[in-house]
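Undergrad: Protein chains in written order, with our numbering: chain A, 8 to 231; chain B, 8 to 231. Built from N, CA and C at the ideal position, the CB exists for glycine as well. Structure incoming, see below.
Protein chains: 2
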Amino acid sequence: MTENLTLQMDEYLPLRDVVFNTLREAILKGELKPGERLMEMHLANRLGVSRTPIREAIRMLEQEGLAVTIPRKGAQVAKMTEKDLQDVLEVRDALDELAVTCACRRMTNEQFVELKEAMKAFEDATRTDDVRKIVETDEAFHDVIYHAAANPKLENIINSAREQMYRYRYEYVKNPSVYAQLIAEHKSIIEGFDKRDEEALKAIMHTHLSNQINAVRNSIREQV
Amino acid sequence: MTENLTLQMDEYLPLRDVVFNTLREAILKGELKPGERLMEMHLANRLGVSRTPIREAIRMLEQEGLAVTIPRKGAQVAKMTEKDLQDVLEVRDALDELAVTCACRRMTNEQFVELKEAMKAFEDATRTDDVRKIVETDEAFHDVIYHAAANPKLENIINSAREQMYRYRYEYVKNPSVYAQLIAEHKSIIEGFDKRDEEALKAIMHTHLSNQINAVRNSIREQV
DNA sequence: GTCGTGTCTTTTGTATTCAATCTTTGATAA
DNA sequence: TTATCAAAGATTGAATACAAAAGACACGAC
């Protein structure tokens, strides 16, 4: 009975949302590459729907910063220049600092446990070759922190900023030599929360983010 | 939907963008009130277009945080709770600090002149009874700063955060007793830029923003 | 009274159609 | 060969049509 209900709930998702999620995933995972045209008919055929939900999904992607449309010429997957990256990182640096400060003050014990579990999952993932899993567990770790900040608006904005750069981050995570460092940083973060040391946390988050800059920058340079 | 909505036909913009701008303005100016339903047919008739561009515009408003839609029940103008306001202000505080820091480092002489002109325009406006003009010149003053930060991504995010609370801000600006204070704060800001004193600027911006909190909070309480 | 139940209306969701605009292609002329 | 331009095709923009769901309301059973 309850299974039926949840199943119905899934059926209740409007197609535009299904399409939006599908396209969003495809963009984030690199299946749709930066600069690639998003042609309505083409996508509609591939997904087996009409153009209407495709168009609405594109409007949503647009506002997320994942697609750019030129009137009467169509939409394409958003490209990032190095300047764009720098700009987003500047913002994320400020928002991460806020998030970690809030989280430090507001994190519950349950969330702290969750954080340690996420840490373990990430550590386990780095011992496999599954890059996608590594990325996902890393994101999940940070999700716990952002969620603990208990500010949904902040969470939204950070997620949107993350999305814009995460497509360029695979290269960084693919390189096993950085795992040790990432794990160490995550451990420091946990320690910071344990001691409720805001200043230390701010510093670590700052380092943690800036370590990604060059990697992502190279990845962007490769995009022709 | 008490006011008459009219489309400003910029011939080259797609209708969805014209509709989006029209609805956005109407929401920000309070013509469409928080919680008010956005019925497609009604809006379409009012604006003399079909449902298609209305629907696309609603998808855009949604991502801006100005509208909320429940699947198969329709969209409504987003309401803010006190918690929402607090969350947005927390974010804006961090972003304003970043913006003012960047602007302090990057502001050109031309932009400084522009800032002083915007200051004057605001001062002039406070001597009239035109609340809308006062709000607009105040926003323009801050626009100069945000633009001087030379970070379009930051500008976008701040604008989106501003939009979410500006509809609740009229009450604050309506009260002439705060003009003197606002002018004084704006003057301090200009002084800060003149001296390139980042710390002073951060402090002023923080004060400037927190002064608005109670006013907006009251305005939100009044919304039933 | 109130709780369902079925019907009718309203509204949203999606597909389809028609119109406008852009792109491509290919023929022609300099 | 290259530049130009017109026609054809492809693609987007907007309106209309049709389907499905939600809401309103009357009616009857309990």
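(1) Could you check whether the Cβ of Pro41(A) sits closer than 8 Å to any Cβ belonging to chain B?
(2) Between the stretch 72–87 of chain A and the stretch 34–51 of chain A, are three or more C-beta pairs nearer than 8 Å?
(3) Is the stretch 190–202 of chain B in contact with the stretch 185–193 of chain A, if contact means three or more CB pairs nearer than 8 Å?
(4) Any C-beta of chain B within less than 7 Å: which residues of the stretch 40–69 of chain A qualify?
(5) Check whether the stretch 126–139 of chain A touches the stretch 198–211 of chain A, taking contact to mean three or more Cβ pairs, one atom from each stretch, closer than 8 Å.
(6) Quick check on Glu63(A): buried or exposed, where buried means 16 or more other Cβ atoms within 10 Å of its Cβ?
(7) From the DSSP output, which residues share a beta bridge with Gln83(B)?
(8) Since I believe Ala222(A) is in contact with Tyr179(A) (beta carbons under 8 Å), could you give me their beta-carbon distance rounded to a whole number of angstroms?
(9) Is the stretch 158–174 of chain B in contact with the stretch 61–80 of chain B, if contact means three or more CB pairs nearer than 8 Å?
(10) Output needed in chain order: residues of the stretch 83–101 of chain A with a Cβ under 9 Å from some Cβ in chain B.
(11) Mind checking if Tyr177(A) is an interface residue toward chain B, Cβ cutoff 8 Å exclusive?
(12) For the stretch 101–169 of chain A, which segments carrying the alpha helix (DSSP H) assignment without a break, of at least 4 residues, lie completely within its bounds, in sequence order?
(13) Alpha carbon to alpha carbon, how far is Glu10(B) from Ala106(A)?
(14) According to the neighbour-count rule (16 or more other Cβ atoms, all chains shown, within 10 Å of its Cβ), is Ala155(B) buried or exposed?
(15) If I measure Cβ to Cβ from Met48(A) and keep anything under 7 Å in the same chain, skipping five residues before and after, which residues do I get?
(16) Suppose you measure from the CA of Met212(A) to the CA of Asn218(A); what does that come to, to the nearest Å?
(17) Which chain B residues are close to Asn158(A), counting only those with a beta carbon under 8 Å from its beta carbon?
(18) On the criterion of 16 or more Cβ atoms from any shown chain inside 10 Å, does Thr88(B) qualify as buried, or is it exposed?
(19) Residues of chain B with a CB under 8 Å from the CB of Pro78(A): which are they?
(20) Along the stretch 131–162 of chain B, where does the CB come closer than 7 Å to a CB of chain A? Name the residues.
(21) Please return the same chain residues whose Cβ sits closer than 8 Å to the Cβ of Met8(A), not counting the five positions on each side in sequence.
(22) Let me know if Asn158(A) comes out buried or exposed under the rule of 16 or more other beta-carbons within 10 Å of its beta-carbon.
(23) On the premise that Phe129(B) lies in contact with Asp145(B), defined as a C-beta separation below 8 Å, what is that separation, rounded to the nearest angstrom?
(24) Where do the N-terminal and C-terminal ends of the alpha helix (DSSP H) with Gly55(A) fall, by residue?
(25) Note down, in chain order, each residue of its chain lying with its Cβ closer than 6 Å to the Cβ of Ala101(A), except the 5 sequence neighbours on either side.
(26) Below 8 Å on the Cβ atoms is my guess for Cys111(B) versus Arg203(B); work out the distance and round it to an integer in Å.
(27) Is Lys40(B) near Asp94(A), with beta carbons less than 8 Å apart?
(28) Determine, using beta carbons only, whether Arg99(B) and Leu20(B) come nearer to each other than 8 Å.
(29) Quick one: is Glu162(A) buried, meaning 16 or more other Cβ sit within 10 Å of its Cβ, or exposed?
(30) Do you know whose CA, among Asn28(B), Glu121(B), Arg23(B) and Glu38(B), lies nearest Asp201(B)'s CA?
(31) Starting from Glu71(A), find everything on chain B with Cβ-Cβ shorter than 8 Å and list it in chain order.
(32) For a contact meaning CB atoms closer than 7 Å, what does Ile164(A) contact in chain B?
(33) Cβ atoms of Arg23(B) and Pro60(B): under 8 Å apart, would you say?
(34) 8 Å is my cut-off, CB to CB: does Lys208(B) come that close to chain A?
TA: Short version:
(1) The sequence position of residue 41(A) within the first sequence is 34, counting from 1. No, its Cβ sits nowhere closer than 8 Å to a Cβ of chain B.
(2) yes
(3) no
(4) Arg62, Glu63, Arg66 and Met67
(5) Contact fails: fewer than three Cβ-Cβ distances are below 8 Å.
(6) To locate residue 63(A), count along the first sequence from 1; it is residue 56. Here Glu63(A) is buried. Its C-beta has 16 or more other C-beta atoms within 10 Å.
(7) Working through the second sequence from its first residue, we reach residue 83(B) at position 76. Gln83(B) is bridged to Arg44(B) and Val75(B).
(8) Translated into positions along the first sequence, residue 179(A) becomes position 172. Translated into positions along the first sequence, residue 222(A) becomes position 215. Their Cβ separation, rounded to whole angstroms, is 3 Å, which keeps Tyr179(A) and Ala222(A) in contact under 8 Å.
(9) yes
(10) Correct list: Lys90, Asp91, Gln93, Asp94, Val95, Glu97, Val98, Asp100 and Ala101.
(11) The count along the first sequence starts at 1 and reaches residue 177(A) at position 170. Chain B contact via Cβ: absent.
(12) 116–133 and 138–155
(13) Here residue 10(B) refers to the residue found at position 3 of the second sequence. Here residue 106(A) refers to the residue found at position 99 of the first sequence. Confidence at Glu10(B) is low in this model, with a pLDDT of 42, below 50, so the placement of that residue is unreliable and no value is reported for it.
(14) Indexing the second sequence from 1 puts residue 155(B) at position 148. Ala155(B) comes out buried.
(15) Here residue 48(A) refers to the residue found at position 41 of the first sequence. Contacts found: Arg58.
(16) As a working note, residue 212(A) is residue 205 in the first sequence. As a working note, residue 218(A) is residue 211 in the first sequence. So the two alpha carbons sit approximately 10 Å from each other.
(17) Here the question's residue 158(A) lines up with position 151 in the first sequence. Neighbours of Asn158(A) on chain B, chain order: Asp94, Glu97 and Val98.
(18) Within the second sequence, the letter at position 81 stands for residue 88(B). Per the 10 Å Cβ criterion, exposed.
(19) Start at 1 with the first residue of the first sequence, and residue 78(A) comes out as number 71. For Pro78(A), the chain B residues whose Cβ falls inside 8 Å of its Cβ are Tyr19, Leu20, Pro21 and Asp24, in order along the chain.
(20) Asn158, Pro159, Lys160 and Leu161
(21) On the first sequence, position 1 is the one that residue 8(A) refers to. Only weak support exists for where Met8(A) lies, its pLDDT of 30 falling under 50; the value from the coordinates is given anyway. Counting only Cβ-Cβ distances below 8 Å, and skipping sequence neighbours, we find nothing.
(22) Translated into the one-based positions of the first sequence, residue 158(A) becomes position 151. With 16 or more Cβ atoms within 10 Å of its Cβ, Asn158(A) is classed as buried.
(23) Residue numbering aside, residue 145(B) sits at position 138 when the second sequence is read from its first letter. Residue numbering aside, residue 129(B) sits at position 122 when the second sequence is read from its first letter. With a Cβ gap of about 6 Å, Asp145(B) and Phe129(B) count as contacting.
(24) On the first sequence, position 48 is the one that residue 55(A) refers to. From DSSP, Gly55(A) is part of no alpha helix (DSSP H); its letter is neither H nor E.
(25) The count along the first sequence starts at 1 and reaches residue 101(A) at position 94. Counting only Cβ-Cβ distances below 6 Å, and skipping sequence neighbours, we find nothing.
(26) Taking the second sequence and counting its residues from 1, the one referred to as residue 111(B) is at position 104. Taking the second sequence and counting its residues from 1, the one referred to as residue 203(B) is at position 196. So it is a contact: roughly 6 Å between Cβ atoms.
(27) Indexing the second sequence from 1 puts residue 40(B) at position 33. Indexing the first sequence from 1 puts residue 94(A) at position 87. Against a cut-off of 8 Å, the Cβ pair of Asp94(A) and Lys40(B) comes out as no contact.
(28) Residue numbering aside, residue 99(B) sits at position 92 when the second sequence is read from its first letter. Residue numbering aside, residue 20(B) sits at position 13 when the second sequence is read from its first letter. The answer is no: Cβ separation not under 8 Å.
(29) Counting from one through the first sequence, the residue named residue 162(A) turns up at place 155. Glu162(A) comes out buried.
(30) Here residue 201(B) corresponds to residue number 194 of the second sequence, with the count starting at 1. With distances taken between CA atoms, Asp201(B) lies nearest to Glu121(B) out of Asn28(B), Glu121(B), Arg23(B) and Glu38(B).
(31) Start at 1 with the first residue of the first sequence, and residue 71(A) comes out as number 64. Near Glu71(A) (Cβ distances below 8 Å), the residues of chain B are Gln70.
(32) Residue mapping note: residue 164(A) aligns to position 157 of the first sequence, counting from 1. For Ile164(A), the chain B residues whose C-beta falls within less than 7 Å of its own C-beta are Val98 and Ile164, listed in chain order.
(33) Along the second sequence, read from residue 1 onward, the residue named residue 60(B) stands at position 53. Along the second sequence, read from residue 1 onward, the residue named residue 23(B) stands at position 16. The answer is yes: Cβ separation under 8 Å.
(34) Along the second sequence, read from residue 1 onward, the residue named residue 208(B) stands at position 201. One detail in the question is off: residue 208(B) reads as Leu in this sequence, not Lys. No, its Cβ sits nowhere closer than 8 Å to a Cβ of chain A.
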